[in-house]
Amino acid sequence: MNLSHTAQATLLLTSYFSKASSEQVRPLTNKEWGRFALWLRDQNSTPADLLKTDPQALLKSWHDAKITHDRIVNLLNRGHSLALAVEKWQRAGLWVITRSDKEYPARLKRRLKTDSPPVLFGCGNKALLNTGGLAIIGSRSANEGDLQFTQQVGTKAASAGIAIVSGGARGVDETAMLGAIEEGGPTIGVMADSLLKAATSAKWRKGLMDGNLVLVSPFYPEAGFSAGNAMARNKYIYCLADSSLVIHSGKKGGTFNGAKENLKHGWVPLWVKPTDDPAAANTDLVNQGGYWCKSSPDKISVRELLESPNLNGHQVTESNDRFAEQSQPTLFSAKEETADFATDNEHSSAGAEPADFYQLFLQELARLAEEPLAAEDIAEKLGLHKTQVNEWLKRAVNEEQIKKLSRPVRYQFIKAEQ
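Under this note's numbering, the first residue of the sequence shown is numbered -18, with each subsequent residue one higher.
As structure tokens, then:
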């Protein structure tokens, strides 16, 4: 496993190399990493610089009550533990990708921005991570009818060459994935626990051997089940897909909360299977913005599920989607020494100057900000990080392209006739 200096530093700062209870220092959370990574970028530095120079010198101007200098240095001093862990994972057939790697799923970065996991562990065909597909979600204790429905949809997706994205848990997740695998279809499993064990499990062997399966996890590959991790991984299932289908949801728990989170953020359309179960929350999800799918799997076209109408206006248009993706380069653009490493920046900026994105931002602002809008609303509508939006808004105010209003602070585009 050939890890760049940036990848090594990212792993050291954000990952566990043994059970959490035995770690002496707690790795940075996604939000903490996002905060620290943005600061590094503002210093024109990269995580790799923390390994190449004295980190204390680089950290002189860093001040954070939770991410202390000692915490960062202690995390960076775990090099021996990292080497042992990587060797063990590699022997088991696992690989590691970070946000800076070209194989990292673009959909995760585009939708979650700096909240996307800094590291992904996985096994199988990495290329599948960028294929999209249909997310299938449901209860671990679904009834036989729901499982038959799920299996048939998984088979149909495989026949259409559409990937199934699910969580690998028993019940609906496992049934959907195995239905696709048996038909030779592309399958993406987002694991909440035990990735190392899953990599050698007989039930996933066919998909892995055929190159039609990728199992991926943002969590320590040897971690056991954790309700918190299971809840947290739901967003990654939705964000790796192009559309979603809830088979059965209880009125509380991971399936329900994950579906509501997707509806709130408008990541992908949410289809819901009709049910007569009075204890199910399927109707609640439709009332909150989901869509009923056909009640018989024979009448379902998986491709039509991917071509559904906008989700309450939240689903971005193709042009806006492209704008958001181009304007979210990786945080670090420093050249790396390993031959097989390339940053996002090198790919996304080819043939385009940064100024082009600012001009595109102004064009979108002319459409969005006819009436005053807060910076947070502009960032959300365009799918951009607030830091970048604030920089461009400040520039636009100085250029008298927009006017800044106060109490509360809002921005309005200045029309040409004014």
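All residues carry an ideal CB built from backbone N, CA and C; glycine is no exception.
In the three-state scheme derived from DSSP, where H, G and I count as helix and E and B as strand, Ser62 is classed as helix.
In the same chain as Lys384, and ignoring 5 residues on each side of it, the C-beta atoms closer than 8 angstroms to its own belong to Val378, Tyr392, Gln393 and Ile395, in chain order. As the crow flies, the alpha-carbon of Glu155 is around 32 angstroms from that of Asn(-17).
For the segment 225 to 254, the full-length alpha helix (DSSP H) segments reaching 4 residues or more read 235 to 246 along the chain. With a minimum length of 4 residues, the unbroken runs of alpha helix (DSSP H) contained wholly in the segment 133 to 207 fall at 153 to 163, 176 to 179 and 183 to 191.
A direct Cα-to-Cα measurement between Asn124 and Thr136 gives close to 19 angstroms.
The count of Cβ pairs closer than 8 angstroms, one atom from the segment 232 to 250 and one from the segment 99 to 110, stays below three, leaving the stretches out of contact. Rounded to the nearest angstrom, the Cβ distance from Leu75 to Ala150 is 20 angstroms, too far for a contact under 8 angstroms. Trp20 and Ala29 have their C-alpha atoms spaced approximately 14 angstroms apart. When C-beta atoms of the segment 55 to 68 are compared with those of the segment -7 to 0, three or more pairs fall below 8 angstroms, so the two segments count as touching.
Secondary structure at Trp76: strand, using DSSP grouped into helix, strand and coil.
A residue is called buried when at least 16 other Cβ atoms come within 10 angstroms of its Cβ; Thr112 meets this threshold and is buried. Within its own chain, the residues whose Cβ lies closer than 6 angstroms to the Cβ of Ala360, once the five positions on either side in sequence are excluded, are Lys367 and Val370, listed in chain order. The segment 59 to 66 makes no contact with the segment 180 to 190; the number of CB pairs closer than 8 angstroms stays below 3.
The three-state reading of DSSP puts Gln393 in strand, counting E and B together.
Val153 sits buried, since 16 or more C-beta atoms from the chains shown fall within 10 Å of its C-beta. With 16 or more other CB atoms across the displayed protein chains lying within 10 angstroms of its CB, Val171 is buried.
Leu189 places its beta carbon less than 9 angstroms from that of Cys104.
Nearest C-alpha to Leu32 among Thr10, Arg88, Ile48 and Ser(-15): Ser(-15).
The beta carbon of Phe17 sits closer than 7 angstroms to those of Leu9 and Ile48, all from its chain and outside the five residues before and after it, given in chain order.
When only Cα atoms are considered, Arg214 and Lys90 end up about 15 angstroms apart.
Judged by DSSP in its simplified three-state form, Tyr(-3) adopts coil rather than helix or strand. As the crow flies, the alpha-carbon of Glu357 is around 12 angstroms from that of Ala350.
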